[in-house]
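Let me begin by presenting the structure, written as structure tokens, before commenting on it.
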Amino acid sequence: MPRPFDPSAKLRAGSAQGKPYVVTKVIDFCYGHRLLNYEGKCRHLHGHNGRVEIDIATEGLDKRGMAYDFSDIKQAIKSWIDKEFDHKMLLNEKDPVISYLKERNEPLYIFQENPTAENIAKKIFEEAVKLGFPVEEVRLWETSDSYATYRKDKF
679 MPRPFDPSAK LRAGSAQGKP YVVTKVIDFC YGHRLLNYEG KCRHLHGHNG RVEIDIATEG
739 LDKRGMAYDF SDIKQAIKSW IDKEFDHKML LNEKDPVISY LKERNEPLYI FQENPTAENI
799 AKKIFEEAVK LGFPVEEVRL WETSDSYATY RKDKF
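Mapping to the working numbering: the sequence shown position 93 is 771, numbers consecutive.
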């Protein structure tokens with residue numbers, strides 16, 4: 679998915695709480711969702727070709743000269759995304775369509791809140807941290823020109 683030039687990218691990467699090394703892993707996945715209590719187009723069931731960018735920051739490099747091995751990030755985080763989000767409907771637990779989709783064995787991931795780009799980014803951030811990665815920031819591109827960011831508290 680092409681993305682527009684982002685002039686703040688270098689500033690974000692360099693401001694990872696003073697940590698000089700930041701690596702970013704990009705993972706693409708497909709998902710469907712809809713938003714409850716919303717008047718726009720996203721109130722309808724629809725899908726996205728999502729792209730997530732995961733920034734991991736470290737103080738130094740390991741004996742191989744790496745902040746983090748991209749293949750380790752991919753293996754752990756992409757596996758979680760593939761299992762939980764890829765080609766599934768991401769829905770609010772209050773969505774009345776859940777029972778209908780469950781009866782038809784459709785793959786679902788249920789959120790306690792609306793599955794907005796912001797909440798999806800936050801969930802990926804939290805899961806990556808649980809997997810042991812020192813995540814600074816997660817960006818979820820919902821479309822080629824719109825993304826939401828969830829970042830580690832800087833205060």
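In this text, a Cβ means the ideal position worked out from N, Cα and C, and glycines have one as well. It should be emphasised that the depicted structure is a prediction, and the values quoted were computed from it without experimental measurement.
Residue burial classification, residue i (beta-carbon count within 10 angstroms, cutoff 16)
i, result
"R721", "exposed"
"H834", "Within the shown structure, residues of the chain are numbered from 679 to 833, placing residue 834 beyond reach of any answer."
"G728", "buried"
"V730", "buried"
"M767", "buried"
"T794", "buried"
"K741", "exposed"
"Y828", "buried"
"K801", "buried"
"E820", "buried"
Range of the contiguous beta strand (DSSP E) that encloses residue i
i, result
"E815", "813-821"
Straight-line Cα distance separating residue j from residue i
i, j, result
"G738", "V704", "21 Å"
"C708", "L714", "20 Å"
"S777", "T702", "38 Å"
"W758", "Y746", "18 Å"
"Y825", "E771", "23 Å"
"E814", "V700", "9 Å"
"T736", "E796", "24 Å"
"D764", "H726", "10 Å"
"K830", "E762", "22 Å"
"F834", "F789", "Nothing about residue 834 can be read from this structure; the chain reaches only from 679 to 833."
"L818", "I732", "9 Å"
"E791", "F811", "25 Å"
"Y716", "M744", "44 Å"
"L786", "K780", "8 Å"
"D750", "D706", "16 Å"
"K752", "H724", "27 Å"
"K719", "K756", "29 Å"
"E805", "L769", "18 Å"
Bridge-paired residues (DSSP) for residue i
i, result
"E804", "Note: E804 sits in no beta bridge, so no partner."
"L768", "H711, Y787"
"T702", "D733"
"Y828", "V816"
Bounding residues of the alpha helix (DSSP H) (the contiguous stretch that carries residue i)
i, result
"I755", "From DSSP, I755 is part of no alpha helix (DSSP H); its letter is neither H nor E."
"K780", "775-781"
Taking only runs that begin and end inside the region 706-743, name each unbroken beta strand (DSSP E) of 3 or more residues, in chain order.
-> Counting whole runs of 3 or more residues, the region 706-743 contains the beta strand (DSSP E) stretches 724-736.
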